[in-house]
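What follows is a single structure, written as C-alpha cells, with notes after it.
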Amino acid sequence: MDPFDRSYEVMKHIKKLKELMHENMSQTLNGVNLTGPQGMIVRLLFRFGPQKISDIKERMGLSMSTVSGILDRLERDNVISREKSETDKRVILIHLTEDFKKTSTKAFTQMEALWSDKLNRATDTEIKTILEALSILERLMSQKNDEGDTP
Numbered sequence: 730m731d732p733f734d735r736s737y738e739v740m741k742h743i744k745k746l747k748e749l750m751h752e753n754m755s756q757t758l759n760g761v762n763l764t765g766p767q768g769m770i771v772r773l774l775f776r777f778g779p780q781k782i783s784d785i786k787e788r789m790g791l792s793m794s795t796v797s798g799i800l801d802r803l804e805r806d807n808v809i810s811r812e813k814s815e816t817d818k819r820v821i822l823i824h825l826t827e828d829f830k831k832t833s834t835k836a837f838t839q840m841e842a843l844w845s846d847k848l849n850r851a852t853d854t855e856i857k858t859i860l861e862a863l864s865i866l867e868r869l870m871s872q873k874n875d876e877g878d879t880p
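When you line the sequence shown up against my numbering, it's residues 730 to 880, in that order.
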C-alpha cells in the first residue's frame, strides 16, 4: 500500500469513528446541549467530582486557555460554578451546578453505561491493542513534519 493510500485509510477510520461517537453521544445526551469538549469536562466532573482547573487541563490534555474558554461558556450556561476550596481558599474548584445535575444525571449515567457496554465486548488484548494504536497515532500526529512545522 502506498503512503497516500495508508494515510487515506487511517483518516477514513478516524472519520467513521468520530461519526459513530457523535451518533452515540447525540442519542444518549439528547436534550443536553453541549459540545464534545464541554461534554468531556462535564463527564469528568460527574465522575470525579469538583476539580481544579489545572486538573481538568491535565486530564483533558488541553491548554489552559482552551479549558478556561470552555469553562466560561459552561458557567454562562449555568452548567458549572467556580467555588473556593473549603481547605484552601486560594484554590478554585469547578463544580457542576445542582440544577444541571438534576436535569442531566440520567443522561450521563446512560452514556457511561453505553460506552462501558460497547468496550466490555472487547477482550483485554483488544483493548490493549486499541490503546497502543491510539497512542502511536497520537505520537505520530504530534511530531513535526519534515519542514519543521507542526500541522
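Glycine residues also receive a C-beta, built at the ideal position from the N, C-alpha and C atoms.
Outcome for residue i when other beta-carbon atoms lying within 10 angstroms are tallied against a minimum of 16
i: Val723; result: Since the displayed the chain opens at 730 and closes at 880, residue 723 lies outside it and no answer follows.
i: Ile785; result: buried
i: Phe837; result: buried
Best match in the options for proximity to residue i [C-alpha to C-alpha]
i: Gly765; options: Phe777, Leu774, Met750, Gly778; result: Met750
i: Ser833; options: Ser871, Glu861, Asn807; result: Asn807
i: Ile809; options: Lys744, His824, Ser845; result: His824
i: Lys835; options: Ser871, His742, Arg772; result: Arg772
Rounded C-alpha distance that separates residue i from residue j
i: Leu803; j: Leu746; result: 26 Å
i: Asp828; j: Thr852; result: 39 Å
i: Pro779; j: Phe733; result: 45 Å
i: Arg805; j: Ile799; result: 10 Å
Unbroken beta strand (DSSP E) run spanning residue i, endpoints
i: Lys873; result: No beta strand (DSSP E) contains Lys873, which DSSP labels as neither H nor E.
First and last residue of the uninterrupted alpha helix (DSSP H) at residue i
i: Glu812; result: Here Glu812 belongs to no alpha helix (DSSP H); instead the beta strand (DSSP E) covers 809-813.
i: Met709; result: As displayed, the chain neither begins before 730 nor continues past 880, which places residue 709 out of reach and without an answer.
Residues bridged to residue i [DSSP beta-bridge criterion]
i: Ile743; result: Paired residue(s): none; Ile743 is not in a bridge.
i: Lys781; result: Leu822
Below-9 Å beta-carbon distance, residue i vs any chain B residue
i: Ile823; result: Among the protein chains of the structure shown there is no chain B, as only one such chain exists.
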